[in-house]
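Take a look at the structure below.
Numbering (our numbering), first residue to last: 322 to 632.
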């Protein structure tokens, strides 16, 4: 085990040192977090409650909403606490635990987005075989497999960090604990840790990118072969929401983990994009263009409103 006697806790600098700015940021991110909780909880409830949404596409969407709740909740509550606190500290053990859960939930979401791309490929390119290709057992296996692979990947990267020495360096130039930021503080040799992190991310990203882009390559080819304009429009609208989420999530996370860690403000921006902003936007992106989700939400709200009036 490493020697943590010199440093027992880290100081998270956050997004600003100005007290007035911190108060404004607290309100802003509290609103964002509440919107994230509300939007994803509603999406999860709608998918579970409406029988019309009991299909593989919405099964994965429900799990994505649950993941967004988890991923956002790993970082945002601590960030909100630090906005209103003078100490802004986090124990070393708590920091490493947060780094693990950021890695695990983020990795699971990346894999799940790739699985959802394959689901769209099966639905559009092989509609007659869709039920066989995406049966319940396979869907559950893909979800649990995504969790399992991401957790193993997180353990491979986080466990070696337990043995690092941090000496007198305590200040994390970030709003949460992520491995690249922690490596900057260590007085141990972190070259192996950085190599493992880089390669695991490259392999993880390459695998998910390969599945996403190969799926969408086949989807585009199939859409272009559809003769009717209505058919093309319907097929494209089915994929546009997912593709938007993929670009938002993968774009920011790749820039965060592939660029050298330097404490740059851009690192904060990229992290905020994939861990705070994207989880808030996902329910909006998936519901605004989806008639089935909007109809299910209207039905659910209508049912509760009618029940409330009846009471």
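We put the CB at the ideal spot given by N, CA and C, even for glycine.
As the structure is a computational prediction, the values presented were derived from the model and not from experiment.
Asked: Where residue 340 falls, given that 16 or more other Cβ within 10 Å makes a residue buried; Found: exposed
Asked: Touching by the beta-carbon criterion (3+ pairs, under 8 angstroms), the stretch 534-546 and the stretch 587-598; Found: no
Asked: Segment contact flag, the stretch 488-507 with the stretch 401-419, C-beta cutoff 8 angstroms, min 3 pairs; Found: yes
Asked: Residue range of the beta strand (DSSP E) that includes residue 332; Found: 330-333
Asked: Top-ranked residue by Cα proximity to residue 400, from 597, 613, 620, 614; Found: 597
Asked: Straight-line Cα distance separating residue 375 from residue 432; Found: 21 angstroms
Asked: C-alpha distance - residue 322 paired with residue 484, whole-angstrom precision; Found: Interpretation of residue 322 is limited by its pLDDT of 41, a score under 50 that renders its predicted location unreliable; the figure taken from the coordinates is listed afterwards. If you take the alpha carbons of residue 322 and residue 484, they lie about 5 angstroms apart.
Asked: When 502, 508, 468 are compared against residue 487, the one with the closest alpha-carbon; Found: 508
Asked: Under the three-state DSSP convention, the category residue 492 falls into; Found: strand
Asked: Contact set for residue 634: own chain, Cβ-Cβ below 7 angstroms, skip 5 residues either direction; Found: Coverage of the chain is limited to positions 322 through 632, which leaves residue 634 absent and any answer about it impossible.
Asked: Given residue 384 as reference, the closest of 396, 368, 373 once Cα atoms are compared; Found: 368
Asked: Pick from 335, 482, 612 that is closest to residue 515, judged by C-alpha positions; Found: 482
Asked: Span of the alpha helix (DSSP H), counted from its first residue to its last, around residue 586; Found: 586-593
Asked: Distance CB(residue 365)-CB(residue 386) smaller than 8 angstroms; Found: yes
Asked: Unbroken alpha helix (DSSP H) run spanning residue 410, endpoints; Found: Taken as a continuous stretch (DSSP letters only), residue 410 belongs to no alpha helix (DSSP H), being part of the beta strand (DSSP E) at 410-412.
Asked: Other residues of its chain near residue 429: CB distance less than 7 angstroms, five sequence neighbours each side excluded; Found: 388, 467, 468, 471
Asked: Whole beta strand (DSSP E) elements within the stretch 366-418, 3-residue minimum; Found: 410-412
Asked: Residues near residue 326 by beta carbon distance below 8 angstroms, same chain, minus five either side; Found: The pLDDT assigned to residue 326 is 45, lower than 50, so where the model puts this residue is not dependable; a value taken from the coordinates is nonetheless given after this. Contacts found: none.
Asked: Own chain, CB closer than 8 angstroms to residue 595, minus 5 neighbours either side, in chain order; Found: 427, 569, 570, 573, 574, 577
Asked: Limits of the alpha helix (DSSP H) - the one that residue 455 falls within; Found: Note, residue 455: premise wrong, no alpha helix (DSSP H); not H, not E.
Asked: Residues near residue 361 in its chain [Cβ-Cβ closer than 6 angstroms; skip 5 each side]; Found: 386, 389, 390, 604
Asked: Distance between residue 478 and residue 463 (C-alpha atoms, nearest Å); Found: 23 angstroms
Asked: Alpha-carbon spacing of residue 393 relative to residue 370, whole angstroms; Found: 24 angstroms
Asked: Whole runs of the alpha helix (DSSP H) within the stretch 497-531, excluding any shorter than 4 residues; Found: 500-506
Asked: The ligand NAD heavy atom lying under 7 angstroms from the CB of residue 556; Found: What this structure holds is no ligand at all, so the ligand NAD is not there to describe.
Asked: Cβ distance (whole Å) where residue 351 is taken to contact residue 336 below 8 angstroms; Found: Incorrect: roughly 14 angstroms between the Cβ atoms, too far for contact.
Asked: CA-to-CA distance, residue 454 to residue 395, given in whole angstroms; Found: 34 angstroms
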